[in-house]
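Numbering (my numbering), first residue to last: 1 to 203.
The following block contains the structure:
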């Protein structure tokens, strides 16, 4: 009974960690606009970057990643079998935070943070993919989608088959949180990094 309660508590803490709105808190700290009122109106690092403050965006990215890492480390310490579920729940907390009426970020940095703790080779490979795609296309959303959606394949290639199911779950969450971005990418109206106005459709 105690073990069950402990496991439930660990998973609840993972969700609550994910729910911490660092993008909003950092914006207040730097006296920036509320990220929920600008750009894509979410609290993630990319939207904080639209304020023009790169330091605030970087701090948001690092703190959001730390949430994922902390949740994963906690699960590994108490019960490693809970780690995949903790990873899923911390990302759910970021995307649908209880403190902000379930309107949060996209979950990318938090996913990276979780993967880096559970398997740093998989996490680093995803980060490199994100950086390469973002640098080449200047679409943060496309970079996020490709890096996380490919994570199950990376886990198989790097002989971490045990991560494949969790990565599939994380990929599904990222697809859901980016559904509007996907629509804009298809129509050529997605905003590029460093540009606050949507791009015209490609001919």
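Glycine is no exception: its CB is placed at the ideal position from the N, C-alpha and C atoms.
Kindly identify the DSSP beta-bridge partner or partners of residue i.
| i | result |
| --- | --- |
| residue 125 | DSSP, once it has assigned bridges, lists no residue as partnering residue 125. |
Starting from the Cα of residue i, find the closest Cα among the options and give me that residue.
| i | options | result |
| --- | --- | --- |
| residue 191 | 134, 157, 24 | 134 |
| residue 68 | 108, 181, 38 | 108 |
| residue 13 | 66, 74, 29, 48 | 74 |
| residue 5 | 161, 131, 78, 181 | 78 |
| residue 63 | 27, 141, 39 | 27 |
| residue 113 | 142, 153, 60, 51 | 60 |
| residue 146 | 157, 166, 66, 175 | 175 |
| residue 70 | 111, 156, 25 | 111 |
| residue 76 | 47, 116, 57 | 116 |
| residue 25 | 15, 57, 9 | 57 |
| residue 46 | 23, 66, 32 | 23 |
| residue 50 | 66, 33, 65 | 33 |
Would you mind giving the Cβ-Cβ distance between residue i and residue j, rounded to the nearest angstrom? I have them listed as a contact below 8 Å.
| i | j | result |
| --- | --- | --- |
| residue 18 | residue 90 | 4 Å |
| residue 150 | residue 129 | 6 Å |
| residue 87 | residue 43 | Residue 87 to residue 43, Cβ: 20 Å. No contact. |
| residue 168 | residue 139 | Contact flag wrong, Cβ pair sits at about 23 Å. |
| residue 21 | residue 100 | 6 Å |
| residue 106 | residue 183 | So it is not a contact: roughly 14 Å between Cβ atoms. |
| residue 148 | residue 126 | 7 Å |
| residue 92 | residue 9 | Their Cβ separation, rounded to whole angstroms, is 17 Å, which puts residue 92 and residue 9 out of contact at 8 Å. |
At the level of alpha carbons, what is the spacing between residue i and residue j?
| i | j | result |
| --- | --- | --- |
| residue 188 | residue 84 | 35 Å |
| residue 72 | residue 55 | 26 Å |
| residue 41 | residue 144 | 17 Å |
| residue 81 | residue 11 | 12 Å |
| residue 179 | residue 98 | 21 Å |
| residue 30 | residue 161 | 42 Å |
| residue 7 | residue 132 | 38 Å |
| residue 39 | residue 53 | 14 Å |
| residue 199 | residue 141 | Residue confidence is low: residue 199 scores 42 on pLDDT, short of 50, so the model does not pin down where it sits. Its coordinate-derived value is still stated next. Approximately 14 Å between the Cα atoms of the pair. |
| residue 164 | residue 124 | 16 Å |
| residue 170 | residue 15 | 14 Å |
| residue 159 | residue 3 | 31 Å |
| residue 65 | residue 157 | 24 Å |
| residue 154 | residue 166 | 12 Å |
| residue 152 | residue 181 | 22 Å |
If we count the other Cβ atoms within 10 Å of its Cβ and call it buried at 16 or more, is residue i buried or exposed?
| i | result |
| --- | --- |
| residue 119 | buried |
| residue 194 | exposed |
| residue 37 | exposed |
Could you tell me whether any Cβ in chain D is nearer than 8 Å to the Cβ of residue i?
| i | result |
| --- | --- |
| residue 81 | The chain labelled as chain D is not found in the depicted structure, where only one protein chain is given. |
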